[in-house]
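Everything below concerns the one structure shown next.
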Amino acid sequence: MTVAAPTPARKPSLPVADATGLTAGLLRWYDRHRRVLPWRAPAGVAADPYAVWLSEIMLQQTTVKAVVPYFQTFTAAFPTVRDLAAADRDAVLRLWAGLGYYARARNLHACAQAVVERHGGVFPRSVAELRALPGIGDYTANAVASIAFDVPVVPIDGNVERVLTRLHAVEEALPGAKPRVKMIAEGLEPSDRPGDFAQALMDLGATICTPKSPACVLCPWQEPCAARRRGDQETFPRKTPKKEGTLRRGAAFVALRADGAVLLRSRPDTGLLGGMTEVPTSDWRPEFSERDALDHAPSLGVARSAWRRVPGVVTHVFTHFPLELVVFVATVPTDADAPADTRWAPRDSLAGEALPNVMRKVLSHAGVDLKPERPASRRAATTSPKPTKKAKRSPR
DNA sequence: TATACGTGGTC
DNA sequence: TGACCAAGTAT
1 MTVAAPTPAR
11 KPSLPVADAT
21 GLTAGLLRWY
31 DRHRRVLPWR
41 APAGVAADPY
51 AVWLSEIMLQ
61 QTTVKAVVPY
71 FQTFTAAFPT
81 VRDLAAADRD
91 AVLRLWAGLG
101 YYARARNLHA
111 CAQAVVERHG
121 GVFPRSVAEL
131 RALPGIGDYT
141 ANAVASIAFD
151 VPVVPIDGNV
161 ERVLTRLHAV
171 EEALPGAKPR
181 VKMIAEGLEP
191 SDRPGDFAQA
201 LMDLGATICT
211 PKSPACVLCP
221 WQEPCAARRR
231 GDQETFPRKT
241 PKKEGTLRRG
251 AAFVALRADG
261 AVLLRSRPDT
271 GLLGGMTEVP
281 TSDWRPEFSE
291 RDALDHAPSL
301 GVARSAWRRV
311 PGVVTHVFTH
321 FPLELVVFVA
331 TVPTDADAPA
341 DTRWAPRDSL
351 AGEALPNVMR
361 KVLSHAGVDL
371 KPERPASRRA
381 ATTSPKPTKK
391 AKRSPR
């Protein structure tokens, strides 16, 4: 492909002229239709690298709507990358609870510390140095470099893939088509306003070139768009079908003390819901048998009969598998000791715990209400949206 | 290259 | 309701 020679001089030749026309058209559109977002600097104002980075991490596979309240909470709690680096990791996880993909929160904290230790608390400006930081991959490195520092690179996310595969009617399916998309993107790298160009591409994908029913009539690229000419723009990008996960099942145990405290523990640092808080549960396996569920209950010195099976089940769908949990509740004496690796959490502190949504569903199903007042966007989980399905009989 | 990794919204 | 999707990264 062409060299991304950012010559301040003229731009000759044909392909370059084409690209110039495209980028200019998109920037004109952006100047009139750019979205106003909490982390986005006003037109013509330099962006804050910390805000750009924080927002980009939060926005990974996550909608703008879901991110906004968390972004506000984080910037209020940690105004600078140094504040974030100095915070306790658990405090970061607690504020992240509900946003999902918790490895992002662990990496966020590690990244802040790396920025302080390796770069004196100042975000590096090069793609290579950014890429070397925890939690920053190809996309985010390019996004921060272009948006915060006007480095002429194009971050390629789902929006950009959609826009570019439509623009060129790329027949190859993703993810196989990624190299092709990357070449197309590199051919568009503008030496002028790279940060605005990157954001314009994403705004275009988010508001005009949407997955379904794209608003082509409003698109600044409707003329050059190959897919639009063919009339099958909605069929791009092509995608290879993904296989679905196998249902896993398990039992969750909600132990309540007379004073309202709930027995909690922390999950292992890595893997599913790593480092997050949960009530004791059995393993989650396809071959789980409810018959033996109580074998996995925490030892609290109470009789097996103290555990009451809550009717119904809690269902939750992770990216790669659906989960079904049966819930047992027991009330135990206030002097009951917490088993190893568990602790009693006062009822009032529950809302502040690093509880992933599946655990909020479990507690809700057990009749334990958490006080909201967290970043927000949690009402659905705390009100037990899916009332609970009828108790199913376990096969076998 | 493929898989693990959350959650909420939409149609 | 089920599928698909949203500013991806790590291994």
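Be aware that the first sequence starts at 1, since it is given in UniProt numbering, and climbs by one per residue. Yeah, the Cβ is synthetic: ideal placement off N, Cα and C, and Gly gets one too.
Straight-line gap, residue i to residue j (C-alpha atoms, nearest Å)
i	j	result
N159	E324	33 Å
Q233	A169	8 Å
W284	V254	16 Å
L84	T63	23 Å
T23	A66	30 Å
N107	L133	9 Å
L264	V36	41 Å
V362	A252	7 Å
D295	D90	31 Å
P175	L204	21 Å
V317	R360	14 Å
V68	G312	34 Å
F78	G121	13 Å
A141	F321	30 Å
P372	K182	Residue confidence for P372 is low, a pLDDT of 49 falling below 50, so the modelled location carries little weight; the figure read from the coordinates is stated next. Taking the straight line joining both Cα atoms gives about 43 Å.
R104	P38	20 Å
Y139	L256	45 Å
P179	G187	12 Å
A97	R40	24 Å
Test item: CB-CB of residue i and residue j under 8 Å
i	j	result
Y102	G274	yes
V52	V144	yes
L95	M276	no
V279	V262	yes
V153	E117	no
G135	I57	yes
L26	F288	no
H365	V332	no
L59	F74	no
A148	A47	yes
A227	R166	yes
R347	G250	no
P237	R162	yes
P339	S299	yes
A185	K239	no
W307	A330	yes
W29	P211	no
First through last residue of the beta strand (DSSP E) which encompasses residue i
i	result
E129	Per DSSP, E129 belongs to no beta strand (DSSP E); it is in the alpha helix (DSSP H), 127–131.
residue 398	With the chain represented from 1 up to 396, any question about residue 398 goes unanswered, as that position is not in the structure.
G250	248–257
T240	Unbroken run through T240: none, as it is neither H nor E.
T315	308–317
Cross-strand partners of residue i (DSSP beta bridge)
i	result
V279	In the DSSP output, where bridge partners are listed per residue, V279 has none listed.
R285	R249
Unbroken alpha helix (DSSP H) run spanning residue i, endpoints
i	result
G301	Note, G301: premise wrong, no alpha helix (DSSP H); not H, not E.
T20	14–33
R228	226–230
| request: Could you name each continuous alpha helix (DSSP H) segment of 4 residues or more that falls completely within the UniProt domain "HhH-GPD" (58–207), going from the start of the chain to the end? | output: Contiguous alpha helix (DSSP H) elements confined to the UniProt domain "HhH-GPD" (58–207) occur at 64–77, 81–86, 89–96, 103–119, 127–131, 138–149, 158–167, 178–186, 194–207, taking only those with 4 or more residues.
| Runs of beta strand (DSSP E) wholly within the stretch 320–370 (minimum 3 residues, chain order) | Correct list: 322–332, 342–345.
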